[in-house]
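Below is one structure, written out as structure tokens; comments come after it.
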Amino acid sequence: MHRLCAIAPLLLAACAAATTPTPAEPEPAAPVVEAAPAAQNGPAFGVEVYGEGPDVVLIPGLACGGHVWDATVDHLRDSHRVHVLTISGFAGRPALDGPLLPTVRDELVAYLEPLDRPVVIGHSLGGFMTYWLASTEPSLLAGAIAVDGVPALGWLMMDQPRNVVEDFARGARAQFDSLSQESFAVQTEQTLRGQIKRPEEVERVTEVSGRSDPAAVGQAVEELLLTDLRDQVANIEIPMLILGAGAGAPREIEYRTERYRGQVASIPKHELVMVPETLHFVMLDAPEVFLQHVDRFLEAVQ
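For the sequence shown, our numbering assigns the number 302 to the last residue and increments by one with no breaks.
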């Protein structure tokens, strides 16, 4: 059986694991966004809404809550109405019975329908969800941003045939199922140390993400690894911005970039940017650069 510490970087990152560069001077910690009343607390996710204006929907990644978007919310709330999701089973939210990701996708469609063509921004698993929504419900969205997320984490990322990935996915889920809450929190922190550059952000994200239900995370991992969207992303009609992790040695960045291109090349209107010196949590490692890209994209599509 694979050890969780060996598989977690693969499961939390959309690309091959990056080599951590020598950290630069620490940037100020992201501001803490004041709590807002939940707009919807359905079976598959809860939502908090901030501000007024054109709609932007933020979807966090595996085991993460809306807290990973605090700086983004703080930046956008004066000009946009920002909807921040937390998926059931993650960040202390009760787990969902039955399929998770398909239910999230279906409930998101219902949530988006009354909005005025929002832009959806998703990180990691949330990035995967943006491809899914954009390729099946293009009329609902004005645009989408995937932050270190790809249409198919399983087959291409692991360079293995389908049966191997299926066995791996089942084994990964069983591994998560076996974890106590305490062990899960410890393993989450260990993984995040390799996915976020700034120690204070590792601590902040771990404190909330460590409360996720290990079994729910394992279920999401299995479903994520076994869902392949590569053939359908060619149907995406809206503009897409894809922001990838750009830290590492030149050959490593080149390899990761080519992996991205192989999955997103068929999207008619897409831009791929590997954000320099960032690990998996691009928006936490380079918040100013990340928000510049977001502002530019929103201005173009809304």
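Ideal placement from N, C-alpha and C gives every residue a C-beta, glycine not left out.
Residue i versus residue j: straight-line alpha-carbon distance, rounded
i, j, result
"I87", "A220", "10 Å"
"G246", "M274", "5 Å"
"L58", "G126", "8 Å"
"E200", "E207", "11 Å"
"P239", "M129", "15 Å"
"P54", "P118", "7 Å"
"F168", "A134", "28 Å"
"D295", "P214", "35 Å"
"P94", "V217", "12 Å"
"H270", "V150", "13 Å"
"V120", "R77", "15 Å"
"L179", "D159", "27 Å"
"E25", "L279", "Because the pLDDT at E25 is just 38, under 50, the model does not fix this residue reliably, and the value given afterwards should be weighed accordingly. Computed Cα separation, rounded: 16 Å."
"R162", "A152", "12 Å"
"D70", "V282", "13 Å"
"L224", "V68", "20 Å"
"P102", "I253", "32 Å"
Option nearest residue i by Cα separation, candidates the options
i, options, result
"S183", "I59, G210, E201 and L100", "G210"
"P268", "L101, H293 and V233", "V233"
"G66", "V49, A300, A249 and L140", "V49"
"I145", "Y131, E223, P138 and A91", "Y131"
"G143", "D167, L241 and L291", "L241"
"G244", "P250, S212 and R256", "R256"
"L100", "P43, L284 and E277", "P43"
"V84", "C64, L179 and G154", "C64"
"E288", "P60, D74 and V56", "D74"
"A91", "F45, E223 and H123", "F45"
"D106", "T136, E254, P60 and P250", "T136"
"D148", "L272, E166 and L298", "L272"
"G89", "S79, V104, S266 and R81", "V104"
The alpha helix (DSSP H) enclosing residue i, as first and last residue numbers
i, result
"R296", "P287 to V301"
"E182", "Q181 to R193"
"A220", "P214 to L225"
"D148", "Note, D148: premise wrong, no alpha helix (DSSP H); not H, not E."
"A307", "The structure shown does not extend to residue 307, since the chain is modelled only from 1 through 302, so no value can be given for it."
"A172", "R162 to D177"
Residue i, buried or exposed, once every other Cβ within 10 Å from all chains shown has been counted against 16
i, result
"A110", "exposed"
"Q181", "exposed"
"D97", "exposed"
"S139", "exposed"
"Q292", "exposed"
"L284", "buried"
"R204", "buried"
"P250", "exposed"
"V164", "exposed"
Segment limits, beta strand (DSSP E) that includes residue i
i, result
"T257", "It is not in any beta strand (DSSP E) - T257 instead sits in the alpha helix (DSSP H) that spans P250 to V264."
"R81", "R81 to I87"
"V68", "First-last for V68: undefined, no H or E at that position."
"F90", "That residue, F90, is in no beta strand (DSSP E); it is neither H nor E in DSSP."
is_contact[residue i, chain D] using C-beta, thresh 8 Å
i, result
"T72", "Protein chain content of the structure displayed is limited to a single chain, and chain D is not contained in it."
Checklist line | Touching by the beta-carbon criterion (3+ pairs, under 8 Å), the stretch 223-230 and the stretch 187-196 | finding: Note that the stretch 223-230 does not touch the stretch 187-196; fewer than 3 beta-carbon pairs, one per stretch, sit closer than 8 Å.
Next item on the list: Evaluate the contact criterion for the stretch 165-179 versus the stretch 258-274: three or more CB pairs, one atom per stretch, below 8 Å.
Entry: The stretch 165-179 vs the stretch 258-274: no contact.
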